[in-house]
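Going by UniProt numbering, the residue at position 163 of the sequence shown is 163; the numbering climbs one at a time, nothing skipped. As structure tokens, the structure follows; a few thoughts come after it.
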Amino acid sequence: MPLGRQSHRHHRTHGQKHRRRGRGKGASQGEEGLEALAHDTPSQRVQFILGTEEDEEHVPHELFTELDEICMKEGEDAEWKETARWLKFEEDVEDGGERWSKPYVATLSLHSLFELRSCLINGTVLLDMRANSIEEISDLILDQQELSSDLNDSMRVKVREALLKKHHHQNEKKRNNLIPIVRSFAEVGKKQSDPHSMDKHGQTVSPQSVPTTNLEVKNGVNCEHSPVDLSKVDLHFMKKIPTGAEASNVLVGEVDILDRPIVAFVRLSPAVLLSGLTEVPIPTRFLFILLGPVGKGQQYHEIGRSMATIMTDEIFHDVAYKAKERDDLLAGIDEFLDQVTVLPPGEWDPSIRIEPPKNVPSQEKRKMPGVPNGNVCHIEQEPHGGHSGPELQRTGRLFGGLVLDIKRKAPWYWSDYRDALSLQCLASFLFLYCACMSPVITFGGLLGEATEGRISAIESLFGASMTGIAYSLFAGQALTILGSTGPVLVFEKILFKFCKDYALSYLSLRACIGLWTAFLCIVLVATDASSLVCYITRFTEEAFASLICIIFIYEAIEKLIHLAETYPIHMHSQLDHLSLYYCRCTLPENPNNHTLQYWKDHNIVTAEVHWANLTVSVSLGAARCPSIVTTGLGGTSK
């Protein structure tokens with residue numbers, strides 16, 4: 001029985017009952033293959049499950065997981081309350097229930113994982129259930145519970161009543177308290193289209209296209225009786241949900257009438273849009289239900305977190321879609337447990353939330369085939385440059401890469417203009433304006449100084465505006481910041497010095513360089529030469545950056561030497577005499593001929609002149625003062 005003493009069973013590999021179906025033609029060969037699987041490791045069994053052929057109803061989709069909890073006691077009005085959600089990482093409702101926490105890496109206790117495994121062993125597992133409402137799902141689960149356990153009528157009514165209680169989501173309270181004053185123009189009547197999204201009647205559908213009455217969702221979702229109230233939908237969070245995503249609902253809680261837990265794992269086929277069950281209007285694929293006696297609410301909560309977290313695991317996620325029986329799910333949990341790292345309780349505080357990593361490690365090695373000793377067979381790695389995407393592959397046709405780029409961009413071209421009308425883009429506009437203007441003006445001033453005014457801030461602004469508009473309209477990268485940079489400044493300096501040394505016209509040569517650059521770019525585009533970008537490594541980038549740094553360092557040292565020659569430093573100056581400056585006129589020792597002629601013409605007798613009383617403004621010849629003696633800085637100078 002799960003959650004009890006007898007639930008801690010020996011952790012073993014469940015392979016004895018793997019796919020004992022199909023007793024018809026070829027059954028003997030299938031039994032021989034199953035006998036071999038009985039001794040496989042969990043990793044090998046998972047690889048076998050993932051290697052099975054996919055059908056339309058078992059194609060894995062992105063999952064949004066929601067954890068709802070209930071506490072149902074006699075005489076109290078209970079409802080399901082959303083306490084956590086998982087898109088990629090866990091988000092919890094903070095204490096007080098006012099806001100969501102930041103996404104963080106979920107940390108689980110090993111005990112709750114073993115309890116979850118015990119729940120799947122002893123609970124009800126219904127795969128590929130076909131139902132259209134939560135009422136039908138509840139009835140099918142309870143029917144199965146009556147067959148496998150002692151569930152009387154009163155308990156059935158009470159459990160069914162609990163399962164059908166209203167679900168209260170975190171965004172509903174926030175939206176009721178806030179009155180939307182301004183609505184984005186892009187959100188009004190916005191419908192996202194996907195050319196590959198077709199229902200079984202051939203009509204295009206999308207999970208983000210939400211009519212006022214019914215919601216049509218892709219992948220053949222049954223939503224005939226699932227009206228969606230747009231006023232309760234968090235459109236901001238809805239945009240984060242990937243197109244075609246499905247929901248995984250985890251429902252745990254306490255019911256006072258129960259004396260033992262009721263556990264059920266359900267996979268719907270096809271996915272069904274259950275109105276009011278999920279925070280966002282997307283179809284539900286998986287349901288995990290755990291209802292038990294009062295007093296173990298925290299234990300139920302941790303088991304629910306474990307179920308929700310393991311559903312976000314890339315490997316178990318695919319196993320859950322392709323599983324054909326209970327043992328397949330247990331193999332997925334066993335493989336997950338093999339990859340789990342346990343931290344000692346005395347060396348780490350579980351209340352510390354781990355920030356999501358910038359780069360999530362790849363899980364491909366868990367899908368690789370193993371060998372008998374448990375090691376992973378290393379597959380042949382792709383040659384250097386094989387990591388490139390389709391946009392960096394050679395097409396072998398003239399302008400083939402450009403044509404493919406236009407085809408990839410065409411479906412989103414109009415939405416780029418339409419989305420720009422949203423008021424949410426206003427902050428981005430202001431940021432991009434400042435980010436583009438600042439370097440253009442700064443480097444424009446430096447270019448004006450380096451080119452003696454041939455290219456200055458005005459020319460830089462005009463050029464940046466023209467190229468920015470053309471690049472944003474035709475290149476499809478409106479958020480790219482264009483403008484002058486350090487390498488451009490260095491190039492312009494070298495080019496201007498070259499033109500000055502050889503008496504060439506700088507602007508004419510600059511125009512020719514621009515035309516040749518455009519011609520060479522067209523040739524590179526025509527021949528798909530951009531595929532060579534795959535071979536450019538970080539070393540190439542660092543080499544160019546180092547070159548620019550060396551050039552700037554050289555220029556800085558050159559300017560320091562120039563300043564030292566222009567404004568020399570007086571090494572033997574006495575700082576105490578900096579303010580003791582005075583000047584006086586004295587009789588020149590060797591007057592020149594012009595001064596002597598001046599004295600003779602004006603009958604000036606030098607012996608009768610009071611030289612100490614003269615000022616500079618007194619004209620005594622060619623110079624205002626024949627001889628000026630300056631005293632200061634520790635000496636006398638003339």
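Heads up, the beta-carbon is just placed ideally off N, CA and C, and yes, glycines get one too.
The distance from the Cβ of W611 to that of T586 is about 5 Å, consistent with a contact at the 8 Å cut-off. Contact between R267 and A331 does not hold, since the beta-carbon distance rounds to 16 Å and is not under 8 Å. Beta-bridge annotation (DSSP): S43 is not paired with any residue. Looking at the DSSP output, N359 sits in no beta bridge, so it has no partner there. Note: R156 is not bridge-paired with any residue in the DSSP secondary-structure output. Nearest neighbour of I551 by Cα position, chosen from H301, N122, E492, I141, turns out to be E492. K165 and E79 have their alpha carbons spaced roughly 5 Å apart. Runs of the alpha helix (DSSP H) spanning 4 or more residues and lying entirely within the region 391 to 434 occur at 400 to 419, in chain order. Contact annotation: V294 and P283 have beta-carbon atoms that are not nearer than 8 Å. Below 8 Å, enough C-beta pairs join the region 124 to 142 and the region 310 to 327 to call them touching: three or more. Closest option to I241, judged by alpha-carbon separation, among E146, N249, A131, E62: E62. With fewer than 16 other Cβ atoms inside 10 Å of its own Cβ, D143 counts as exposed. The beta-carbon distance between V250 and A308, rounded to whole angstroms, is 5 Å. This is short enough to meet the 8 Å contact definition. The region 143 to 161 makes contact with the region 257 to 265; the number of CB pairs closer than 8 Å reaches 3 or more. Contact check for R366 and Y104: beta-carbon distance about 23 Å, past the 8 Å limit, so the pair fails to qualify. Where L140 is concerned, the enclosing alpha helix (DSSP H) starts and stops at 134 to 148. Pairing S465 with S484 gives a Cβ-Cβ distance that is not under 8 Å.
Using a C-beta cut-off of 8 Å, the region 553 to 571 makes no contact with the region 496 to 513, since fewer than three inter-stretch Cβ pairs fall below that distance. T480 has its alpha-carbon roughly 23 Å from the corresponding atom of F519. With respect to F443, A247 sits apart: the two C-beta atoms are not nearer than 8 Å. Only residues of its own chain outside the window of five on either side were considered, and among them T65, A308, T312 have a CB closer than 6 Å to the CB of W86, listed in chain order.
Cβ contact annotation for W100 (same chain, cutoff 6 Å, sequence separation greater than five): E91, in chain order. Out of T540, S275, G304, G276, the CA that lies nearest to the CA of I289 is found in G304. A residue is called buried when at least 16 other Cβ atoms come within 10 angstroms of its Cβ; D349 does not meet this threshold and is exposed. From the listed residues S351, I513, E314, G292, the smallest Cα separation to Q339 is found for E314. As the crow flies, the alpha-carbon of E53 is around 34 Å from that of G276.
Of all alpha-carbon atoms in A427, R408, C499, the one lying nearest the alpha-carbon of E452 is that of C499. In the structure shown, the three-state DSSP call for L235 is helix. For the options G448, M238, K497, D77, the alpha carbon positioned closest to that of E279 is the one of M238.
Inside the region 535 to 606, DSSP marks whole alpha helix (DSSP H) runs of 4 or more residues at positions 538 to 566, 593 to 601, from first to last along the chain. Within the model, the alpha-carbon separation for E146 versus F265 is close to 16 Å. Excluding the 5 residues flanking it on each side, C71 has same chain C-beta neighbours closer than 7 Å at A78, G253, E254, G297, in chain order. With respect to the C-alpha of L392, the residue from P281, S269, V533, E56 having the closest C-alpha is V533. Following the DSSP letters along the chain, one finds N249 inside the beta strand (DSSP E) bounded by residues 246 to 255.
In the three-state reduction of the DSSP assignment, R117 falls in the helix class.
Secondary structure of K81 (DSSP, three-state): strand.
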